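Residue numbers (the working numbering), protein chains in the order written: chain D, 1 to 372; chain G, 1 to 308; chain Z, 1 to 369.
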Amino acid sequence: MTTDTADSAEAVEAVGVAPAADPGFLQRYGAAIEYILIPGAALIGALATFGAFVALYGKNPLDLYFYMYQGAFGTWFSWQNTLTRAAPLILTALCTALPAQLGMVIIGGEGALLIGALTATSTALAMQWAPPLVVQIAMVVAGVIGGGLWITLSGALRQYRGVNETISSLLLVYIALAILNHLVEGVMRDPASLNKPSTREIGATNMIGTIPGTDVHWGLVFGLVCAIAAYILIYHTTFGFAARVAGGNIRAAKIVGLGVGKLIMTICFLAGACAGLAGMIEVAAVQGRTNANLAAGYGFTGILVAFLARQNPLAVIPVAILLGGISASGGLLQRRLGLPDASVLVLQGIIFVFVLASDALYGRIGFLKGKS
Amino acid sequence: MADSSIGLWTVPLAVLGGAIRVSTPFLFVSLGECITERSGRINLGLEGTLVMGAMSAYGISYLTGSPWLGVLAAGITGALLGALHAGICSLPRVNDVAVGIALMLFGIGLAFFLGKPLIEPTAPRLPAIDFGWWSDIPQVRAALRINVLFLIGVAIAPILYWAFKTTRWGLLIRTAGESSDAARAMGHSVLLIRLRATMVGGFLAGIGGSFLSLFYPGSWNEGLSSGQGITAVALVIFARWDPLLCLWASLAFGGAAALGPALQSVGVTSGYHLFNAAPYILTLAIMIITCSPKRTLTGAPAELSITR
Amino acid sequence: MDFSRISRRHLLQGGAALALGGTIGARAAHAAETTIGFIYVGSRDDYGYNQAHAQGAAALKKLPGIKVVEEEKVPETDAVEKTMESMINLDGSTLLFPTSFGYFNPHMIKIANKYPKIRFEHCGGLWTEKDPKNAGSYFGYIDEAQFISGIVAGYSTKSGKLGFVAAKPIPQVLRNINAFTLGAKLANPKATTQVIFTGDWSMPVKEAEATNSLIDQGVDVLTCHVDGPKTMVENAARRGAFVCGYHVNQSPLAPKAYLTGAEWNWEALYPKFLKMITSGESIPNFYRGGLKEEIVKCSPYGEAVSAEARKHADEMKAKLIAGEYTIFKGPILDNKGKTVIASGVDRGQKDPELEKMDYLIEGVIGATS
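See the structure below:
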């Protein structure tokens with residue numbers, strides 16, 4: 001293992017506080033510039049590699065870049081497509097990024113999303129008498145609690161039983177999916193949902209709809225708010241400071257008297273709450289009910305987003321938009337270039353590899369070190 | 001035989017057969033991961049390696065007509081992916097868990113991308129050895145039609161156990177996993193040890209993939225591995241990095257996978273989704289029972305990020 | 001580089017679609033090219049459900065003046081809404097085929113309401129009067145072909161035990177299981193069909209395990225209803241059982257074991273749809289048909305099928321095509337002994353009750369939940 005506790009502390013520091021004191025532009029903003037320059041270069045490297053790969057497949061890489069741009073950001077329609085796809089990713093990415101502050105690797109956002117969708121749907125179905133706003137608020141609360149508790153389970157298992165949270169959160173994804181299928185094809189099944197077993201619909205009036213003037217549903221706003229709130233929580237509150245200290249060094253945190261258990265449980269709850277909220281939004285803004293369609297992999301792509309954003313809640317936003325754009329342009333790549341759907345996976349994998357490898361560059365770029 | 005139906009007895013038989021049929025990929029991936037993790041690194045990308053292995057084995061078997069060349073190709077592909085993982089991880093400050101997830105995506109994506117033309121053709125498959133010749137009961141014979149890869153996997157487990165304990169090679173890997181400083185002090189390159197361990201791990205995982213496409217279920221398609229690679233990585237942790245326990249755990253997983261369909265075939269029809277989730281519930285339950293917050297897991301390599 | 005030209009052309013095309021805004025009929029008649037979009041839920045080379053549709057799309061590609069755009073592995077979320085819109089806005093498609101059941105509601109309904117000038121043809125859905133008029137649903141009575149498979153299976157089984165590997169207990173699947181069993185009982189009144197549900201549409205390891213479990217129970221002829229039948233076909237054949245295929249013809253996988261199969265015939269239907277559109281005829285919003293309408297077909301008989309079986313199956317096929325035979329004809333009991341179709345009641349293929357089927361008939365071993 002090359003990255004250990006000390007390294008993650010360093011990473012947190014690099015994100016949080018730029019080395020201050022000395023004057024000089026490069027010196028002062030070196031870390032910030034690095035933080036844009038290095039991922040940017042990694043992205044370009046990844047795109048070039050993918051272009052070469054596609055060229056081997058007999059396609060023109062320039063066409064590839066053009067269609068990727070057109071499909072993701074080329075028109076207002078493409079932008080809306082991208083933002084719609086980014087919305088759930090922001091929330092599921094937070095499910096990985098928040099626990100990462102404590103040095104925990106949670107990869108079970110998909111499970112929390114499914115459970116959040118289930119609890120939100122059940123709540124809406126039980127409250128059909130209530131006015132829409134009340135139902136919607138109740139759904140948010142239910143989704144947050146459902147998803148939150150699901151990941152808290154992983155946190156608790158780690159804290160009180162020493163069960164590795166990466167593995168347990170992953171196993172809980174499969175279990176959540178089995179529970180969802182079991183309920184949707186069993187007691188919660190709407191008898192009228194013939195060939196697609198689903199719960200009853202939450203009702204058109206209870207749907208949360210789209211942002212006026214766009215096609216993008218309100219999930220995007222939920223995502224932005226949560227990401228900003230998470231950023232403030234982590235970098236501008238005592239609680240966040242404590243979490244980062246504990247993430248850097250559990251022993252040190254214990255020495256200064258931080259309740260690590262409480263930190264783990266709270267952060268895990270918040271992380272799961274974000275993914276649960278994503279599930280609630282999928283129900284209330286897109287599907288209108290719960291069925292197996294909800295397991296669309298947003299939770300898994302969210303892990304990728306979180307790592308690419310180097311676990312910074314604010315950076316999650318642009319990265320989610322970038323990946324939303326890639327998946328939005330995937331259709332054009334299939335239709336115009338005849339590339340298989342898996343090209344999006346290949347590209348995501350390459351970008352991920354490049355960005356991770358570029359982690360080695362931080363603090364090593366000559367001209368950014370400044371002359372002292 | 002008078003009556004081919006043997007009723008309820010088919011459940012334990014099917015579980016036994018399933019344990020043998022389904023466990024092999026688990027076994028190879030978990031043994032491979034065991035080597036990698038013992039050296040102090042975790043490779044979560046073995047799911048991608050498994051799928052890549054399955055695809056390349058099928059492709060090479062189809063092109064050359066020799067399934068064994070396919071197995072070899074799968075192993076080599078796995079080793080290359082392992083080298084890629086180790087190479088990126090040897091850069092400073094790179095997180096191995098994240099690299100694993102990246103390579104999982106990359107491996108799966110590449111396998112699907114390149115594997116499109118391989119879905120329809122039929123490739124030559126690995127032969128089975130009939131160990132049930134002594135029995136008149138077709139169900140027993142079917143359960144005991146065993147592929148040689150399974151036997152190799154079963155043999156590797158104790159060999160690995162012994163090698164970790166007694167050979168210089170095993171000691172080096174364990175040292176790298178327990179304390180990289182100690183390994184360095186002994187004059188060895190930790191990165192090189194880990195590179196080799198990850199490559200061997202990838203090699204075995206690739207072979208596990210070739211079993212999927214060339215023996216059971218025995219064809220290439222995109223749904224072939226439903227998370228078996230990643231489950232196998234989880235399995236190593238609950239097997240406590242012990243190759244022998246990996247063997248038993250793999251068998252248990254294989255059996256659990258056969259449980260759902262077998263129960264349905266004798267009339268236990270409700271809750272099959274929950275039965276299908278049995279392997280995952282089982283793993284979690286065993287982990288909850290056997291782990292303890294008071295101490296690090298016995299057998300856990302100290303350098304491993306995931307057991308911190 | 002030539003991409004600026006490409007983009008301009010596409011923009012013009014998109015603009016033309018919006019500006020012209022005529023019916024597809026008019027467009028097909030006047031415009032040089034009609035663009036048709038196909039959306040698949042899985043890989044289009046899956047040797048099963050999606051491949052059957054892709055073969056239909058390929059038949060359209062051969063026609064002059066037709067451009068087909070395809071997207072595979074589109075999940076049943078808002079992603080499919082965006083794919084449909086993208087095909088309309090960026091490719092200028094005027095006719096869309098979203099081919100997975102889960103695309104229908106709410107996704108296709110929503111987009112069809114938003115683009116009233118575009119025609120949507122959905123496979124498998126149940127279009128009703130309250131749904132948009134520019135959308136329609138079509139499907140094939142593939143249970144007719146399964147019924148014929150059942151007859152052949154009934155003659156070919158020695159143990160009298162048939163097996164069915166199914167994904168989920170939904171009406172379309174249950175109808176296939178029941179029709180298969182009714183066919184088998186026609187050939188062999190003692191025949192039973194044992195069913196195992198794997199829980200999802202594509203789970204090769206589970207499908208292989210289900211196949212083995214069924215054969216362990218003495219089953220010697222199998223069929224299935226999952227997205228890719230390849231796993232079942234190959235594993236059953238390897239254990240010496242006979243198989244009936246599904247979705248497309250899988251006989252090359254196991255020529256000796258393959259008896260017959262229930263196949264889609266989208267290659268025939270899709271060009272027919274296009275002809276109806278160009279000739280100004282409207283496609284009924286609720287379009288269904290079976291062997292007679294050539295929406296489904298049976299695979300050619302394998303060498304293992306006896307002359308007697310061939311004769312009986314051909315006879316029944318002719319009767320179905322002539323409309324002289326009803327598969328679901330009362331009295332039919334379910335496997336718990338309850339009457340589900342009363343004596344004297346004929347549930348013809350178009351009977352909406354059949355689309356709601358939630359039972360397994362007498363002779364099927366298994367349960368719907």
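Glycine included, C-beta positions come from ideal geometry on N, C-alpha and C. Computed from a predicted structure; not experimentally measured.
Beta-carbon proximity check, residue i vs residue j, cutoff 8 Å
i      : j      : result
D/G302 : D/G111 : no
G/T231 : G/H85  : no
Z/I39  : Z/T99  : yes
D/L113 : D/G279 : yes
Z/L174 : Z/V219 : no
D/P340 : G/K116 : yes
Z/R288 : Z/K350 : yes
G/C291 : D/R161 : yes
G/V97  : D/V105 : yes
G/Y62  : G/P121 : yes
G/S39  : G/C246 : no
Z/V74  : Z/M87  : no
Z/T339 : Z/P331 : yes
Z/L259 : Z/G228 : no
Z/A184 : Z/G154 : yes
Z/V221 : Z/T181 : no
C-alpha gap between residue i and residue j, whole angstroms
i      : j      : result
D/G325 : Z/K62  : 33 Å
D/G248 : D/G103 : 7 Å
G/A176 : D/A230 : 38 Å
G/G299 : G/E178 : 10 Å
Z/P300 : Z/A262 : 10 Å
Z/P169 : G/L263 : 17 Å
D/W79  : D/S329 : 10 Å
D/I115 : G/P217 : 32 Å
Z/V371 : Z/I196 : As shown, chain Z starts at 1 and ends at 369. That puts residue 371 of chain Z outside it, with no answer to give.
G/L103 : G/V190 : 22 Å
G/P127 : Z/A254 : 17 Å
Z/F101 : Z/N176 : 16 Å
Z/A268 : Z/I283 : 15 Å
Z/V395 : Z/W264 : There is no way to answer for residue 395 of chain Z, as the model of chain Z reaches only from 1 to 369.
G/L235 : Z/T193 : 37 Å
D/D63  : G/V233 : 40 Å
G/F106 : D/L345 : 6 Å
G/G260 : G/T283 : 16 Å
Bridge partner(s) assigned by DSSP for residue i
i      : result
Z/L162 : Z/T193 and Z/V221
Z/T339 : Z/L333
Z/G136 : Z/E121
Z/D346 : Z/K329
Coil, strand or helix - residue i by DSSP
i      : result
Z/N285 : coil
D/I107 : coil
G/G209 : helix
Z/A31  : Residue placement at Z/A31 is flagged as unreliable, the pLDDT there being 48, under the threshold of 50; a coordinate-derived value is accordingly withheld.
Z/I365 : strand
G/G75  : helix
Z/A254 : coil
G/D130 : strand
Z/A262 : strand
Z/I170 : coil
Cβ neighbour criterion (16 or more within 10 Å) applied to residue i
i      : result
D/P313 : buried
G/I159 : exposed
D/T290 : buried
Z/S366 : Just to set this straight, residue 366 of chain Z is Gly in the shown sequence, not Ser. Buried: at least 16 other Cβ atoms inside 10 Å.
G/M186 : exposed
Z/A112 : buried
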